[in-house]
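J.:
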Amino acid sequence: MNILKRTVEFKPKSRNLFFHILTACNLKCRHCYINPEQHGTRTLDLSTIRTWLRLFSQTDHSSAIKPATDTNVIFLGGEPTLHPELAGAVKHARELGYASVTIDTNGYLFNNILERVSPEEVDYFSFSLDGSSSSVNDPIRGAGSFEACTKGMKEAERKGFTISSIFTASRANIQDLPNMPQLLKDLGVSRFFIQVIGIRGNPAHGHETDLQLSHEEWEKIVPETALQAAEMGLHCTYPRVFLGKEETFSCAGLVAENYFVFPNGRVYTCPLCEDYPLHAYEIRNEQLKKRPPLTEADLFPLQIPEGCVMNRIFHPGNIEYDKHGRPVRKIACCMLKEELLPG
Ligand code: SF4
Ligand code: SF4
179 MNILKRTVEF
189 KPKSRNLFFH
199 ILTACNLKCR
209 HCYINPEQHG
219 TRTLDLSTIR
229 TWLRLFSQTD
239 HSSAIKPATD
249 TNVIFLGGEP
259 TLHPELAGAV
269 KHARELGYAS
279 VTIDTNGYLF
289 NNILERVSPE
299 EVDYFSFSLD
309 GSSSSVNDPI
319 RGAGSFEACT
329 KGMKEAERKG
339 FTISSIFTAS
349 RANIQDLPNM
359 PQLLKDLGVS
369 RFFIQVIGIR
379 GNPAHGHETD
389 LQLSHEEWEK
399 IVPETALQAA
409 EMGLHCTYPR
419 VFLGKEETFS
429 CAGLVAENYF
439 VFPNGRVYTC
449 PLCEDYPLHA
459 YEIRNEQLKK
469 RPPLTEADLF
479 PLQIPEGCVM
489 NRIFHPGNIE
499 YDKHGRPVRK
509 IACCMLKEEL
519 LPG
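Read in order, the letters of the sequence shown are residues 179 to 521 in our numbering.
Dropping the structure here:
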């Protein structure tokens, strides 16, 4: 099979709205990035969700953000299916002309969600699964979560939904990653996202920084597994994480349109800032407003040899230097992806 490999370029006019409609969840994953102190504990009511969706839709011209030709929404939590009005939120996104609708779920599929939305309304159900068996997955995501998630995937697939899967790679499960493609293929998954554990939320506060992978650990397993997945017919995506010294660095905060919205009204454009009150925008009184300095947006233009400025500020331990004090390689934007497409 021919495999097409490409780096996914940031699309300036394509907007992605990562919409956390609540922060509550039935699980307590070791690597969860939700931080109630910073993101709130509120569950947005449907009327507020509708208003906030409008603020980011490409048809809204009162917005403080750049115009977009299309907008994709990803509903997140917490666990978004715990929200009793998720189906109403999906339908309203469609009415507003959102280009695609994705629901990121831990697989428990509460509130009978599969009966209340259709494959025409939801482009993807994206299931978080961190191991190919309960013995790997459950110590990370919680007892019973492997069974619940794979059951949910089968049900969604049977009802005609397109399903994708997200694997968060860490030292707790990286050795199991090569076992994932076959499981996902058997479950009918079409897209496989491998992501890297970040030092945010629980990993930062629970002193679990030992879960983070080194450059060598990542390079040894991830690209090869992605290729294996693509050869089985899965569309596979993984973050670049590192760039060679000669490769061009680009910060999504400057050139892309990604908005990470939390129920307390904070709107970030860089996920690495989500543990700090550095959000570039906020929603107040039903309006999206740019915040005055100092925010993440004031830091994006800083050009440094290490590449990503937020990694330099918040996670300097991620950067390796040579004996002259120069970075061995650049840290890529966390939103820069490699994509492998079956030919
Ligand atoms: S399912 Fe998601 S929101 Fe819930 S604890 Fe796990 S990572 Fe956090
Ligand atoms: S991760 Fe780094 S490069 Fe990407 S948006 Fe944030 S600051 Fe910019």
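Note that the Cβ used here is the ideal one computed from N, Cα and C, for glycine as well.
(1) Along the alpha helix (DSSP H) that carries residue 216, what are the first and last residues, could you check?
(2) Note down, in chain order, each residue of its chain lying with its Cβ closer than 6 Å to the Cβ of residue 337, except the 5 sequence neighbours on either side.
(3) Just how far apart, CA to CA, sit residue 378 and residue 269?
(4) Buried or exposed, going by whether 16 or more other CB atoms sit within 10 Å of the CB of residue 182?
(5) Check whether the stretch 217-228 touches the stretch 184-192, counting contact only when three or more Cβ pairs, one atom from each stretch, lie closer than 8 Å.
(6) Got a sec? Which residues, its chain only, sit under 6 Å from residue 517 by beta carbon, not counting five neighbours each side?
(7) Along the chain, where does the alpha helix (DSSP H) that runs through residue 492 open and close?
(8) Under the criterion of a Cβ to heavy atom distance below 8 Å, does residue 205 qualify as lining ligand 1?
(9) Hey, residue 133 and residue 426: beta-carbon distance below 9 Å or not?
(10) Tell me the residue span of the alpha helix (DSSP H) that contains residue 229.
(11) Starting from residue 404 and walking both ways along the alpha helix (DSSP H), at which residues does that stretch end?
(12) Assuming contact is defined by CB atoms lying nearer than 9 Å, are residue 250 and residue 194 in contact in what I supplied?
(13) At a threshold of 8 Å, does residue 213 count as lining ligand 1 (C-beta to nearest heavy atom)?
(14) Whose CA, out of 463, 468, 297, 364, lies closest to the CA of residue 329?
(15) Provide the residue(s) that pair with residue 346 in DSSP beta bridges, ordered along the chain.
(16) Please confirm whether residue 339 and residue 297 have their CB atoms less than 9 Å apart.
(17) Please work out which residues of its chain come closer than 7 Å, Cβ to Cβ, to residue 244, disregarding the five sequence neighbours upstream and downstream, and give them in chain order.
(18) Considering residue 328, what are the terminal residues of the alpha helix (DSSP H) in which it resides?
(19) Ignore the nearest five residues each way along the sequence and tell me which others in residue 295's own chain have a CB closer than 7 Å to its CB.
T.: Result, derived from the coordinates:
(1) Numbered from its first residue, the sequence shown carries residue 216 at position 38. Annotation: the continuous alpha helix (DSSP H) that includes residue 216 extends over 214-217.
(2) Taking the sequence shown and counting its residues from 1, the one referred to as residue 337 is at position 159. Closer than 6 Å at the Cβ level, and outside the excluded window around residue 337, lie 292.
(3) Here the question's residue 378 lines up with position 200 in the sequence shown. Here the question's residue 269 lines up with position 91 in the sequence shown. In this prediction, residue 378 has a pLDDT of 49, which is less than 50 and means its spatial position is unreliable; what the coordinates show is noted afterwards. Taking the CA atoms as reference points, residue 378 sits about 32 Å from residue 269.
(4) Taking the sequence shown and counting its residues from 1, one reaches residue 182 at position 4. Residue 182 sits exposed, since fewer than 16 C-beta atoms from the chains shown fall within 10 Å of its C-beta.
(5) The stretch 217-228 makes no contact with the stretch 184-192; the number of CB pairs closer than 8 Å stays below 3.
(6) Residue 517 sits at position 339 when you count from the first residue of the sequence shown. Only 184, 186, 415 meet the Cβ criterion.
(7) Position 314 of the sequence shown, counted from the first residue, corresponds to residue 492. Where residue 492 is concerned, the enclosing alpha helix (DSSP H) stretches over 487-492.
(8) In the sequence shown, the residue the question calls residue 205 occupies position 27. Yes - ligand 1 has a heavy atom lying nearer than 8 Å to the Cβ of residue 205.
(9) No information on residue 133 is available, as it lies outside the stretch 179 to 521 that the chain covers here.
(10) For this step, residue 229 is matched to residue 51 along the sequence shown. Element bounds for residue 229: 224-234.
(11) What you label residue 404 is simply residue 226 of the sequence shown in a count that begins at 1. Counting along the chain, the unbroken alpha helix (DSSP H) around residue 404 starts and ends at 393-409.
(12) For the purposes of this step, residue 250 is taken as the residue at position 72 of the sequence shown. For the purposes of this step, residue 194 is taken as the residue at position 16 of the sequence shown. The Cβ atoms of residue 250 and residue 194 sit closer than 9 Å to each other.
(13) Working through the sequence shown from its first residue, we reach residue 213 at position 35. Checking the Cβ of residue 213 against ligand 1 gives no.
(14) Here residue 329 is taken as the residue at index 151 of the sequence shown, counted from 1. Distance check between residue 329 and each of 463, 468, 297, 364 places 364 closest, using alpha-carbon atoms only.
(15) Reading the sequence shown from its first residue, position 168 is the one you call residue 346. Residue 346 is bridged to 373.
(16) To locate residue 339, count along the sequence shown from 1; it is residue 161. To locate residue 297, count along the sequence shown from 1; it is residue 119. Yes; because the gap between Cβ atoms is below 9 Å, this pair is in contact.
(17) Here residue 244 refers to the residue found at position 66 when the sequence shown is read from its first residue. Same-chain partners within the cutoff: 435.
(18) Start at 1 with the first residue of the sequence shown, and residue 328 comes out as number 150. Start and end: 323-336.
(19) Counting from 1 along the sequence shown, the entry for residue 295 is found at position 117. So the qualifying residues of the chain are 265, 268.
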